[in-house]
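Student: This is the structure I have questions about; it appears just below.
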Amino acid sequence: MMERNTFYAFVKRLWRNKLAATGLCIVMLLCAIAAGAPIIAPYNCNAIDVKSILLPPSFQHICGTDELGRDVFSRMVYGSRISLAVGFVAVGISTILGTLIGAIAGYFGKWIDSFLMRCVDTMLCIPDIFLILTVIAFVGENVFNIMVVIGFTSWMGVARLVRAEFLTLKEREFVLAARAAGAGDARIIFIHILPNALGPVFVSAVLGVASAVLVESALSFLGLGVQPPDPSWGNILMQGKDNIETAWWLSVFPGCAILLTVLGYNMLGEGLQDILQPRLKNTR
Amino acid sequence: MLLYCLKRFIGMIPVFFGVTLLSFVIIQLAPGKPTDRLTELNPRITPEARARLEQYYGLDKPIIVQYGRWLSRIVRFDFGVSFSSDARPVIDKIWDRSVPFFDRRLTITFLINTLSLFLILAVAIPIGVLAAYRPYSLTDRITSVAVFIGFAAPKFWVALLLMMVFSVQLGWLPISGIKSLNYAMLTEPGQFFDRIRHLVLPVFVSACGGIAGMSRYMRSSMREALSHDYITTARAKGLSETAVLYRHALRNALLPLVTLLGLSVPGFFAGSVIFETIFGIPGMGQLSYQAIMMRDYPVIMGLLCITALLTMIGNLLADICYAYIDPRIRVK
Amino acid sequence: MFSNIARYVLLFLCIAVIAGKRAESKTHHDPVYGDALVVGTIGEPSVLIPMLATDSASHDVAGLIFSGLIKYDTDLSIIGDLASSWDISPDGLTITFHLRKDAFWEDGTPCTAHDVLYGFKTITDPSTPTAYAEEFKQVLRAEAVDDYTFRVTYRERYAPALTSWGNMAVLPRHVFEGTLLQTSPLVRKPMGNGPFRFKEWIPGDRLVLGASPSYFLGRPYLDAYICRFIPDPATLFLELRSGTIDFMALTPLQYARQTATDFFQKNFNKYTYPSFSYTYLAFNFLHPWFQDKRVRQAIAHAIDKKEIVEGVLLGLGEIATGPYVPHTWPYNPDVPQYTFDQQRAAALLDAAGWHQIDTDGVRIKDGARFEFTILTNMGNSLRMNTATIIQWRLAQIGIKVKIRVIEWSTLINEFIDKKRFEALLLGWSIGVDPDQYDIWHSSKVRNKELNFISYNNPEVDRLLEAGRRTFDIDERKRIYGTFQSILAEDVPYIFLYVPYALPIVHRRFHNIHPSPIGITYNLYRWYVPRDMQRYRLSP
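Spelled out as structure tokens, the structure:
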């Protein structure tokens, strides 16, 4: 368990690590924008105005307007919510699932381990986008489905990681001591081992958010992303793609938003890695 | 060594069953029977014909028997007939014997991904080594930023920007497709050159994300290798810095890379879906996107099985390479 | 476009005013042979036999390979193609076609009445998976009187009879006889009798047709017709932009904005003409909410068609008021119109029982919130944007709309055929003959049939039956005029717009004469002056 002063120490180290600090700033900025969207956005992000389609950036519309005359800036501000939600929910699911499976496999070992690891190998053999597309095409494309499906197809890395941690940790003295004291399996797994294995999980979760944001934009590109009228960076970029020469603002702004966000999560992730386990290998 | 290979090979079998089982479950869960589309295509189909079709698909048998029969057809690469109105056998779509070897979907996708793999290695290893050798130096920082951006930019966006610059503005490279319209008129070296020109952008775009990931990996792997005692020993022996770097550190740092490569095969195929759609490349990625959108189950299953098979072969090769380089593995 | 199932796909025709520039350059050249036309499309054909094809991409290409008995002239009248002339018996039941004697299949075999008969037999054979058998089932008897005379007798008077003898039912008997059509490899590399011949098809990449030297109207000047498949619209446009594609269909945005540059002015000609199609919002009559006429009328009042034509089509289209295209003879301009009027819409909904309003502004009736989904097909940004505008407008009167975009064949097979939808945003391509029995008649509601909204109006049924049994144009005009008034009052569809076709062609192609039926009708006469020729494909 993290003590109060170790937590302060952790924040201090985080702040001193430039990579992590920059990443954290970007992520926090993003959260602030998402939370304050109704205040920040100057227009209703779904308000259509066919008299002002594809206007270039101006004082009225600082990021221009899209094919239906909607204000791009407002849409991007609201789009940050989607982007954030997709990242967090998807990664939440994959982290919980991956940790559970990895913990069970690593702790119990034997046939349970081999069975679960074969499952992991199987899932790893199939390109994720293949499964995501198939499932989305069947169950219908909406934000919730997208988040859940991304989550259920990206837990394998975490599972492997947690399993590896458990394999080494379960032989440690404090675990043996707990067992000698008569602690049950569940207690040992969740109270004694898991907290010590969370460092790398945390790092991989942060990196996972970055790739979930990219997957959402790729899905939008393939026409299976967030459905109208909800704005997402991916579907603004889609319109930008069709108007690349005549409406640069439709590709540049959302493109940069995605880039910056993914960059932020990646920097935070790498920075955390440096702090939490200086000698650990990159897990990606 | 042989024993090790055999062991690894046997280890693959459950994974293969896992993949086929998963594919089978997807077909079962999907709405409608696989014969629906075939029979619906023709409203006047007789009940006997319908029954015959259902028998062919084994839909009258218990589910486990269905799986067994399906599996026995899969291992012979018989994935059935596509649901789209051309109704071609799935294997013909993926591996069309009537067209030249280099125009077959599997070849095209395989070729692009192999080339991009080489590109990734050729670029990522030097970047990683350089960055690890002088961590937090200016070079490290610059490459880090470049690598981060390369990873963070959506692929289709990069593809479009490159197209705009190199094909539309500069006119150096073709925009889409795999060969020019006058391909048949070209001399043999001309044909080769023509194909290369068409491959440049797709290969680069497909390598883009990989270079970023791989060079970060290489950097940390190399840093770890450099921190070992034997490096200090080697330096103390008075070996030249190049020798230390390349003969001692790099060799050890490369080891984990091999496994990673094996694992990255499905990632390559996933990328194919995006860039083959945008570059209009007739490969497996384009086919799988179409098949999924059309709910063409036989094609989806065929592609899933073939991709999984290729991934497993990739993993096996990686493991064997690893064992070959690092004798400790074989003993274990 | 939903053209894909019925014979409405038969010809993508177009009518009325032609704007745009003529392709003629100032200096006059004599036509010369050579060069190729490179066409860029998003969709790829699936089969190249007209009777098996269900999508417009397949029909576009198959139409160049197969010629039928008749075709449309530039003024929309019917003229002979394989048939040099025909006689209609006084009772209107029998048509005797006299075939031209200089038509040959690719292998040199003469194209005769037996081939037409064979095609007819195949299309009416229950084991042939075709969507076009219906109109041929009206035939009582078909016979090849001699090698060059083909005679059909109908059960009853059937006004669209003549128009059905396009290229749907002509097949080379000597090649196909004894084989099963749908499994034959010739389905994807056919042997035809038209201006072009199949040469090469690389799936996912391109399809190449070569000029047929034995074409009965003379060998096409162009050596080849090359169709390139580029699934991404942005990539497709960049290909055009870099000059590697000669011919494609533009979207309104591309037409009005992206091609408004010097480069396009200098190198391309753009054309516009009203397409023979319309886009509509259809309601499922099996859904209890939409059975109430007031609800449908309320939605019609809540949609501003002018806004859609302006915002989505950028003015490159016309408002539709019924299932016919303005300026054609069956079109009736004097039908009830639904002006954009949100108060009216709200009042109608109140009257229909939707007067309670939920906290978020959505109307409620009997505990159910007024929420429904509009389904539309993937890859058509016009429809997507139209749906988004409708969604926005309906939200203002308290109706929550979801939009789902589904790939074409999945939409047909999983949703429309199974009647699993609430509302559809789609389009119909229509033929020159006003008969729309298949779309609106209450008997056409079975699986795979085209009245998928289950519309049932005895008066409409009666008019449709009368219309197809009448030959007199004025009488038919009256019948279909009434039919349109009833549809407008009843609102089974909200007819939204008639889009313009917006083709763009490279300037080097000469002999393009825009007409009400478009520009490609005389493709075999297009040529490129020697000094401008670009491709030499065959050695």
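Protein chains in written order, with the numbering used here: chain E, 1 to 284; chain Y, 285 to 616; chain W, 617 to 1155. Here a beta-carbon is modelled for each residue, glycine too, at the ideal position from N, C-alpha and C. Bear in mind the structure is a predicted one, so any value in this text is a computation, not a measurement.
Does the stretch 45-56 of chain E come within contact of the stretch 14-31 of chain E, defined as at least 3 CB pairs closer than 8 Å?
Tutor: The stretch 45-56 of chain E vs the stretch 14-31 of chain E: no contact.
Student: Counting beta carbon pairs with one atom in the stretch 547-559 of chain Y and one in the stretch 377-387 of chain Y, are three or more of them shorter than 8 Å?
Tutor: no
Student: For the stretch 1107-1123 of chain W and the stretch 873-892 of chain W, state whether three or more C-beta atom pairs, one from each stretch, are separated by less than 8 Å.
Tutor: yes
Student: What does the alpha-carbon distance come out to for the pair W/I694 and W/A729?
Tutor: 19 Å
Student: Going by DSSP, what residue range makes up the alpha helix (DSSP H) through Y/K439?
Tutor: K439 to L446
Student: Quick one: what does DSSP say Y/R418 is sitting in, helix, strand or coil?
Tutor: The answer is coil: DSSP assigns Y/R418 none of H, G, I, E or B.
Student: Mind checking which residues open and close the alpha helix (DSSP H) that includes Y/R507?
Tutor: E472 to L510
Student: Closer than 8 Å, Cβ to any Cβ of chain Y: which residues of the stretch 909-935 of chain W, in chain order?
Tutor: none
Student: Please compile the residues from chain Y whose C-beta is within a distance smaller than 7 Å of the C-beta of E/T122.
Tutor: In chain order: V299, G302, V303 and L306.
Student: Thinking C-alpha only, which one of Y/V374, Y/D387 and Y/M506 is nearest Y/L414?
Tutor: Y/M506
Student: By Cβ distance below 7 Å, which residues in the same chain neighbour E/W233 in space, the five residues on each side in sequence not counted?
Tutor: In its chain, beyond the 5 residues on either side, M76, G79, S83, S217, P254, A257 and I258 have a beta carbon closer than 7 Å to the beta carbon of E/W233.
Student: Would you say W/W817 reaches chain E, if we count a Cβ-Cβ gap shorter than 8 Å as a contact?
Tutor: no
Student: Under 8 Å Cβ-Cβ, which residues of chain Y neighbour E/A137?
Tutor: I576, M577 and R579
Student: Please list the segments of the alpha helix (DSSP H) lying wholly inside the stretch 724-768 of chain W, counting only runs of 4 or more residues, in order along the chain.
Tutor: 729-740 and 749-752
Student: List, in order along the chain, the chain E residues whose C-beta lies closer than 9 Å to that of Y/L547?
Tutor: L124
Student: May I ask you to list the residues that DSSP assigns as paired with W/C843?
Tutor: W/V655 and W/L823
Student: Any beta carbon from chain Y within less than 8 Å of W/L1027's own beta carbon?
Tutor: By this cut-off, W/L1027 is not an interface position.
Student: Is there a Cβ of chain E sitting closer than 8 Å to that of W/Y961, yes or no?
Tutor: Note on residue identity: the sequence assigns Ala, not Tyr, to residue 961 of chain W. So, not an interface residue.
Student: Please report the distance separating the alpha-carbon of E/T290 from that of Y/L544.
Tutor: No information on residue 290 of chain E is available, as it lies outside the stretch 1 to 284 that chain E covers here.
Student: Going by DSSP in three states, W/F1037 sits in which element: helix, strand or coil?
Tutor: Residue state for W/F1037 is assigned as coil, using DSSP reduced to three classes.
Student: Please report how far the alpha carbon of Y/A443 lies from the alpha carbon of W/S891, in whole angstroms.
Tutor: 34 Å
Student: Quick one: grab the DSSP three-state call for Y/D376.
Tutor: helix
Student: DSSP on W/H675, reduced to helix/strand/coil?
Tutor: helix
Student: Pull up the distance between the alpha-carbon of W/N783 and that of Y/F363, whole angstroms please.
Tutor: 35 Å
Student: Can you find a CB in chain Y that lies within less than 8 Å of the CB of E/N266?
Tutor: Answer yes: the Cβ-Cβ gap between E/N266 and chain Y drops below 8 Å somewhere.
Student: Using a C-beta to C-beta distance shorter than 7 Å, which residues of chain Y count as neighbours of E/A180?
Tutor: Scanning chain Y for C-beta atoms nearer than 7 Å to the C-beta of E/A180 yields nothing, as the closest lies near 30 Å away.
Student: Tell me whether W/P904 sits in a helix, a strand or coil according to DSSP, three-state version.
Tutor: helix
Student: Nearest-angstrom Cα distance between W/K909 and W/D1090?
Tutor: 31 Å
Student: Would W/A854 pass as a contact of W/I1110 if the rule is Cβ separation under 8 Å?
Tutor: Strictly speaking, residue 854 of chain W in this sequence is Leu, with Ala absent from that position. No, these two residues do not count as a Cβ contact at 8 Å.
Student: Kindly say whether E/R118, judged by its beta-carbon, lies nearer than 8 Å to any beta-carbon of chain Y.
Tutor: yes
Student: Which residues in the same chain have their Cβ closer than 8 Å to the Cβ of Y/T427, if we skip the five residues on either side of it in sequence?
Tutor: I411, L414, A415 and S499
Student: Using the beta-carbon of each residue, which ones in chain E are nearer than 9 Å to W/V1021?
Tutor: E141, G223, L224, Q227 and P228
Student: Per DSSP, what kind of secondary structure is W/M994 in: helix, strand or coil?
Tutor: coil
Student: Can you confirm whether the stretch 1082-1100 of chain W touches the stretch 941-951 of chain W when touching is taken to mean that 3 or more C-beta pairs between the two stretches lie within less than 8 Å?
Tutor: yes
Student: Buried or exposed: where does W/N900 fall if 16 or more other Cβ atoms within 10 Å of its Cβ makes it buried?
Tutor: buried
Student: For my contact list, W/F766 and W/V732 are in at a C-beta cut-off of 8 Å; report their separation, rounded to the angstrom.
Tutor: 5 Å
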